[in-house]
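Asks: Sharing a structure, written as structure tokens. Questions coming.
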Amino acid sequence: MKILVLNCGSSSLKYQLIDMDTTDVLAVGLCERIGIDGRLKHEPEGKPEYVSEAPLPDHDVAVKAVMDALLDKDHGVISDISEIGGVGHRVVHGGESFAKSVIITPEVKAAIEDCCSLAPLHNPANLIGINACEKLMPGVPQVAVFDTAFHQTMPAKAYMYALPYEMYEKHKIRRYGFHGTSHKYVSLKCAELMGKAPEDIKIITCHLGNGGSLAAVDKGKCVDTTMGLTPLAGIIMGTRCGDIDPAIVKFLMDSEGLTIDEVDNMMNKQSGVLGLSGVSSDFRDLGAAAEEGNKRAQIALDAFHYRVAKFIGEYLVALNGADAIVFTAGLGENSGSSRQAICDYLTFLGIKLDPEKNSQRGKAQCISTEDSPIKVFVIPTNEELMIAQDTNKLING
């Protein structure tokens, strides 16, 4: 069976077509600048890359462009739309309604829409993608895979905020967590690499990219995670501030004459390592600037590494010890220096990295020494494969 995986953003659409018999990626692509002008980049397996600059006024047109690219006689990878057995949609927020992936029904779409206030930039776009596929591929099963679902196993002591309980009852204000598909994938892969069942180990997963989060995974289930009601909480990120004193919001409004929307924009888009360094939100740029003696860039890197290490320590307490720590996503997979800087805070636990293995990229492997009591892994994440696997399982019962 072939599964189409779609990830719809407000002005973009990422896709992969995966053959589930072999897990081969038959095509991968991106529609961007939807609603502005439009550009499609299509990379079919074994064929040259194809780029189209045709207008993409909305997601309906973008999904149609993807179908046309997949079917094209020159750069397509299928001969008929019936070869696609299902579509897996990444949906950012499922609230408390979904603790696992589900086949999409009118009731599921209504529940996704109810969560739009919690993810106003993402859930509406996710729904547009779902509706577009229903029009173009009638009868083909659609599956929603939620970023928040993996974290729904958290106990109340981990997800409740110490606000008046009525705020939870009325508005469902609580910790939800994100990057769940990635945390699930790498925790399962880690268990596989260790030759153990997920139920037999405790893992701390570190999804570190421009956006980042950690999760404490006990017996295959998430028991805590760093992101909260929104993806703003937790560690310092590329442009997001992470955890701060909430009274700072009012202070900035009063002292700088800012509106609440302006403060929200500052915390989400102007803060993080970009705000601290004044250089960039890209950790590669920060590393280069720090090497040239830029003190603010060095402070940003030091603060980032310190906060990640602190959360690892917090989750060692939450799990009462751990068998493994996993690094994944752009920075987690590719920056040996960041992994080393974070693990330097953990030497009191006996954790040691193998310098040669830590310098390698693009390979799922243990990078700690033989005598390290807590194993450290680098595992490239594969959210698309996880979405495809969930979709395939649901469609085939």
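Residue numbers (my numbering): 3 to 399.
Note that beta-carbon positions come from the ideal geometry of N, C-alpha and C, so glycine has one too.
None of these values were measured; they are calculated from a predicted model.
Measuring straight from C-alpha to C-alpha, what distance separates N398 and L28?
Replies: Stepping through the sequence shown from its first residue, residue 398 is reached at position 396. Stepping through the sequence shown from its first residue, residue 28 is reached at position 26. About 21 angstroms.
Asks: Using CA coordinates, which residue listed in R35, E45, T25, D23 is at the minimum distance from Y17?
Replies: In the sequence shown, counting from the first residue as 1, residue 17 sits at position 15. Answer by Cα proximity: E45.
Asks: Answer with buried or exposed for Y163, where buried requires no fewer than 16 other C-beta atoms within 10 angstroms of its C-beta.
Replies: As a position in the sequence shown, residue 163 is number 161, starting the count at 1. Counting Cβ neighbours within 10 Å, Y163 comes out exposed, since fewer than 16 surround it.
Asks: Taking only the alpha-carbon atoms, compute the straight-line gap between V30 and D287 and give it to the nearest angstrom.
Replies: On the sequence shown, residue 30 is found 28 positions in, with the first residue counted as 1. On the sequence shown, residue 287 is found 285 positions in, with the first residue counted as 1. Straight-line Cα distance between these residues: approximately 28 angstroms.
Asks: Give the single residue among K359, L333, I327 whose Cα lies nearest to the Cα of S351.
Replies: As a first step, residue 351 is located in the sequence shown; it is residue number 349 there, counting from the start. The sequence as given places Leu at residue 351; Ser does not occur at that position. With distances taken between Cα atoms, L351 lies closest to I327.
Asks: Pop quiz: S370 and D392 are said to be a contact at Cβ under 8 angstroms. What is the actual Cβ separation, rounded to whole angstroms?
Replies: As a first step, residue 370 must be located in the sequence shown, where it is residue number 368. As a first step, residue 392 must be located in the sequence shown, where it is residue number 390. With 8 angstroms as the limit, S370 and D392 do not qualify as a contact, their Cβ atoms being about 30 angstroms apart.
Asks: With DSSP as the reference, identify every bridge partner of R177, one or two as the case may be.
Replies: Residue 177 sits at position 175 when you count from the first residue of the sequence shown. In the DSSP output, where bridge partners are listed per residue, R177 has none listed.
Asks: I'd like to know whether the C-beta atoms of D480 and I132 end up nearer to each other than 7 angstroms.
Replies: Examination of residue 480 is not possible in this model, given that the chain is present from 3 through 399 alone.
Asks: Name the two residues that bound the continuous beta strand (DSSP E) containing H77.
Replies: Counting from one through the sequence shown, the residue named residue 77 turns up at place 75. Per DSSP, H77 belongs to no beta strand (DSSP E) and is neither H nor E.
Asks: Grab the span of the alpha helix (DSSP H) containing I344 for me, first residue to last.
Replies: Your numbering for residue 344 matches position 342 in the sequence shown. That run of the alpha helix (DSSP H) goes 338-345.
Asks: When the distance is taken between beta carbons, is A320 closer than 7 angstroms to I20?
Replies: Translated into positions along the sequence shown, residue 20 becomes position 18. Translated into positions along the sequence shown, residue 320 becomes position 318. No, these two residues do not count as a Cβ contact at 7 angstroms.
Asks: When the Cβ atoms of the region 193-213 are set against those of the region 309-323, are three or more pairs found closer than 8 angstroms?
Replies: yes
Asks: Would the region 83-96 count as touching the region 148-159 if we require 3 or more Cβ pairs under 8 angstroms?
Replies: Note that the region 83-96 touches the region 148-159; at least 3 beta-carbon pairs, one per stretch, sit closer than 8 angstroms.
Asks: From L216, D226, Q144, pick the residue whose C-alpha is nearest to that of R177; which is it?
Replies: Along the sequence shown, read from residue 1 onward, the residue named residue 177 stands at position 175. Taking only the C-alpha atoms, the option nearest R177 is D226.
Asks: By alpha-carbon positions, which one of L210, A235, K75 ends up nearest to G332?
Replies: Numbered from its first residue, the sequence shown carries residue 332 at position 330. For G332, the nearest C-alpha among the options comes from L210.
Asks: Quick one: Cα of M229 to Cα of G236, how far?
Replies: By 1-based counting over the sequence shown, the position of residue 229 is 227. By 1-based counting over the sequence shown, the position of residue 236 is 234. In a straight line, the C-alpha of M229 is about 5 angstroms away from that of G236.
Asks: What does the Cβ neighbour count give for Y167, buried or exposed, with the cut at 16 atoms within 10 Å?
Replies: Stepping through the sequence shown from its first residue, residue 167 is reached at position 165. With a 10 Å radius around the Cβ and a threshold of 16 neighbouring Cβ atoms, Y167 comes out exposed.
Asks: Would P50 be called buried (16 or more neighbouring beta carbons within 10 Å of its own) or exposed?
Replies: Start at 1 with the first residue of the sequence shown, and residue 50 comes out as number 48. Classification of P50: exposed, given that the 10 Å Cβ count is below 16.
Asks: Can you tell me whether A218 is helix, strand or coil according to DSSP?
Replies: Translated into the one-based positions of the sequence shown, residue 218 becomes position 216. Strand at A218.
Asks: Leaving out the 5 sequence neighbours to the left and right, which residues in its chain are closer than 7 angstroms to L260 when beta-carbon positions are compared?
Replies: The count along the sequence shown starts at 1 and reaches residue 260 at position 258. Here the set comprises L254.
Asks: With DSSP collapsed to three states, give me the class of D106.
Replies: As a first step, residue 106 is located in the sequence shown; it is residue number 104 there, counting from the start. Residue identity differs from the one stated: residue 106 is Ile in this sequence, not Asp. It is coil, neither helix nor strand.
Asks: Please state whether the Cβ-Cβ distance between S283 and G240 is less than 7 angstroms.
Replies: The sequence position of residue 283 within the sequence shown is 281, counting from 1. The sequence position of residue 240 within the sequence shown is 238, counting from 1. For S283 and G240, yes; Cβs fall inside 7 angstroms.
Asks: What's the gap between the Cα of K312 and the Cα of D346?
Replies: As a position in the sequence shown, residue 312 is number 310, starting the count at 1. As a position in the sequence shown, residue 346 is number 344, starting the count at 1. Approximately 12 angstroms, taken between the alpha carbons.
Asks: Considering only their Cβ atoms, is the gap separating P126 from C135 smaller than 7 angstroms?
Replies: Indexing the sequence shown from 1 puts residue 135 at position 133. Indexing the sequence shown from 1 puts residue 126 at position 124. Not closer than 7 angstroms, so no.
Asks: With a threshold of 16 other CB atoms inside 10 Å of the CB of M69, please say whether the residue is buried or exposed.
Replies: Translated into positions along the sequence shown, residue 69 becomes position 67. Per the 10 Å Cβ criterion, buried.
Asks: Could you pull the DSSP bridge partners for D21 from this structure?
Replies: Here residue 21 refers to the residue found at position 19 of the sequence shown. Answer is K4, D26, bridged to D21.
Asks: Rounded to the nearest angstrom, what separates V378 and A56 at their Cα positions?
Replies: Locating residue 378 in the sequence shown gives position 376, where the first residue counts as 1. Locating residue 56 in the sequence shown gives position 54, where the first residue counts as 1. Approximately 46 angstroms between the Cα atoms of the pair.
Asks: Please classify L165 as buried or exposed, where buried requires at least 16 other C-beta atoms within 10 Å of its C-beta.
Replies: The residue you call residue 165 lines up with position 163 of the sequence shown. L165 comes out exposed.
Asks: Please name the residue in A113, R242, A158, D76 whose C-alpha comes closest to that of G274.
Replies: By one-based count along the sequence shown, residue 274 stands at place 272. Per the Cα distances, R242.
Asks: From which residue to which residue does the beta strand (DSSP E) around K43 run?
Replies: Here residue 43 corresponds to residue number 41 of the sequence shown, with the count starting at 1. For K43, the uninterrupted beta strand (DSSP E) run begins and ends at 41-46, by DSSP.
Asks: Given 8 angstroms as the limit, is there contact between the region 334-346 and the region 153-162, that is, 3 or more CB pairs closer than that?
Replies: no
Asks: Rounded to whole angstroms, what is the Cα-Cα separation between N9 and G182?
Replies: Here residue 9 corresponds to residue number 7 of the sequence shown, with the count starting at 1. Here residue 182 corresponds to residue number 180 of the sequence shown, with the count starting at 1. As the crow flies, the alpha-carbon of N9 is around 14 angstroms from that of G182.
Asks: Should S184 and E385 be called a contact, given that it needs their Cβ atoms to be closer than 7 angstroms?
Replies: Position 182 of the sequence shown holds residue 184. Position 383 of the sequence shown holds residue 385. Contact: yes.
Asks: With T330 as the anchor, note down where its beta strand (DSSP E) starts and where it stops.
Replies: Locating residue 330 in the sequence shown gives position 328, where the first residue counts as 1. Run containing T330: 326-330, per the beta strand (DSSP E) assignment.
Asks: Applying the criterion that 16 or more other CB atoms from any shown protein chain within 10 Å of the CB defines a buried residue, is H2 buried or exposed?
Replies: What is shown of the chain runs 3 to 399, which leaves residue 2 out entirely.
Asks: At 4 residues or longer, and completely inside the region 355-391: list those alpha helix (DSSP H) runs for me, N to C.
Replies: 357-360
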